[in-house]
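Undergrad:
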DNA sequence: ATCCTTATTGCGACTAGTTGCAACAACAGA
DNA sequence: TCTGTTGTTGCAACTAGTCGCAATAAGGAT
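Chains as they are written, first to last, in my numbering: chain F, 1 to 151; chain R, 1001 to 1151.
1. Strictly below 9 Å CB to CB, what residues from chain R border residue 109(F)?
2. Helix, strand or coil for residue 1122(R), going by three-state DSSP, please let me know.
3. Keeping to the same chain, check which residues put their C-beta closer than 6 Å to that of residue 131(F); ignore five residues upstream and five downstream.
4. Name the residue from 110(F), 78(F) and 106(F) whose alpha carbon lies nearest to the alpha carbon of residue 99(F).
5. Report the start-end ranges of each beta strand (DSSP E) in the region 34-117 of chain F that is 3 residues or longer and not cut off at the edges.
6. Helix, strand or coil for residue 18(F) per DSSP?
7. Note down, in chain order, all residues in the region 86-102 of chain F with a beta-carbon under 9 Å from any beta-carbon belonging to chain R.
8. How is the beta strand (DSSP E) around residue 132(F) delimited, first residue to last?
9. Counting only the same chain and skipping the five closest in sequence on each side, list residues whose C-beta sits under 8 Å from that of residue 1112(R).
10. Just how far apart, CA to CA, sit residue 3(F) and residue 141(F)?
11. Keeping to the same chain, check which residues put their C-beta closer than 6 Å to that of residue 1021(R); ignore five residues upstream and five downstream.
12. Suppose contacts are defined by Cβ-Cβ distances below 8 Å. Is residue 1061(R) in contact with residue 1007(R) by that definition?
13. Buried or exposed: where does residue 1(F) fall if 16 or more other Cβ atoms within 10 Å of its Cβ makes it buried?
14. If residue 10(F) sits next to residue 63(F), beta carbons under 8 Å apart, how far is it from one beta carbon to the other, in whole angstroms?
15. Taking 7 Å as the limit between beta carbons, can you name the residues of its chain near residue 88(F), skipping five residues before and five after?
16. For a contact meaning CB atoms closer than 9 Å, what does residue 1135(R) contact in chain F?
17. What is the residue span of the alpha helix (DSSP H) that residue 1010(R) lies within?
18. Would the beta-carbon of residue 82(F) fall within 8 Å of that of residue 36(F)?
19. I want to verify the contact list: residues of chain F whose CB lies under 8 Å from the CB of residue 1115(R), in sequence order.
20. Answer yes or no: do residue 1084(R) and residue 1072(R) have a C-beta to C-beta separation smaller than 8 Å?
21. Within a Cβ cutoff of 8 Å, which residues of the same chain sit near residue 139(F), ignoring the five residues on either side of it in sequence?
22. Go ahead and pull the three-state DSSP assignment for residue 127(F).
23. Leaving out the 5 sequence neighbours to the left and right, which residues in its chain are closer than 6 Å to residue 24(F) when beta-carbon positions are compared?
24. On the premise that residue 1095(R) lies in contact with residue 1121(R), defined as a C-beta separation below 8 Å, what is that separation, rounded to the nearest angstrom?
25. If the cut is a Cβ gap below 8 Å, which residues of chain R does residue 21(F) touch?
26. Check the Cβ-Cβ distances between residue 1070(R) and every residue of chain F, and say whether any is below 8 Å.
27. Using the three-state DSSP reduction, which class does residue 1148(R) fall into: helix, strand or coil?
28. Closer than 8 Å, CB to CB, is residue 1057(R) near chain F or not?
29. Got a sec: is the Cβ-Cβ distance from residue 1033(R) to anything in chain F below 8 Å?
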């Protein structure tokens, strides 16, 4: 079953309506292989359905997030980026200095997840983390003199 | 040494100028015991220095963050909240359903930090995390029927 | 095929935060 | 104390995202 079809079904099954706007949005998210910003989605939907409003995009994205169908991630680019939620989950290491983004596997968070459940009874949503820090290269470069501004 | 003084010194030592605007902002952050939003800081500075502009607030907050003096955290309230960076660090568990926020100790992240260093050479900035999920109470309440909207 | 309920839309106004630029003012050096 | 450099400010315009509301239209029921 295609992503698109799966998204449509989940939406209907959860009792939500299937509007043409939502179908377009789902189609675009479903066929995308990468992260998409709300703006990118808006532009692509507009290409085929010029009248759509940005509110519909944001509201649909919000709905899909609440249903656990997409993951919003703040990669530090000033906009939130969305992608289909799919196992295995992955997270992102983002270098403050050079901006390099490294994908890491969800397994990294297994022990944290266990601790949160055991000690706090908290069911964490550990499926779309952005972890900021310094990559190996930038540590070497910036450690000696880290006083001056980075940006 | 007071927080205020320590912040002033760090700023000067890093080669930045000490403007009246910055002094006010630092004083307010230094004497606050809780998270502060940019808006709250702006209002409090305005009380004594009416002419200050929001850009100065945001730019100073940004600078302090880059210098590692304050931590910005998105607690899901629609604004970023800032607080003095102080050991021991703490993180926040935020319940998607009821909004309850639980403080947890930084020790929770020790093994993750180690793994990131060992496996990726990545020096993560694990000092101000917001982890979303479901608290124990809300898990019990929402697990049986989790189809309908939460918001 | 039609009707009814109510979820969803477009719209416009709003909030949070960012940015480029000209004017200003710290502060190092003389 | 004065001066010059350049970091910092206020401003205004901008971007991302949210919200209330009236109009619209999905989709279940008849």
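From the three backbone atoms N, C-alpha and C, an ideal C-beta is built for every residue, glycine too.
TA: Concretely, from the data shown:
1. 1112
2. coil
3. 93
4. 78(F)
5. 70-74, 80-84, 90-95 and 101-105
6. coil
7. 93, 95, 96 and 102
8. 130-134
9. 1124 and 1126
10. 43 Å
11. 1052 and 1056
12. no
13. exposed
14. That pair is no contact at about 10 Å.
15. 105 and 106
16. 120, 121, 122 and 123
17. 1003-1013
18. yes
19. 108
20. no
21. none
22. coil
23. 45 and 49
24. Residue 1121(R) to residue 1095(R), Cβ: 34 Å. No contact.
25. Simply none; closest approach about 18 Å.
26. no
27. Since pLDDT at residue 1148(R) reaches only 32, below the 50 mark, its modelled position is unreliable, and the value read off the structure follows with that caveat. Coil at residue 1148(R), not helix or strand.
28. no
29. no
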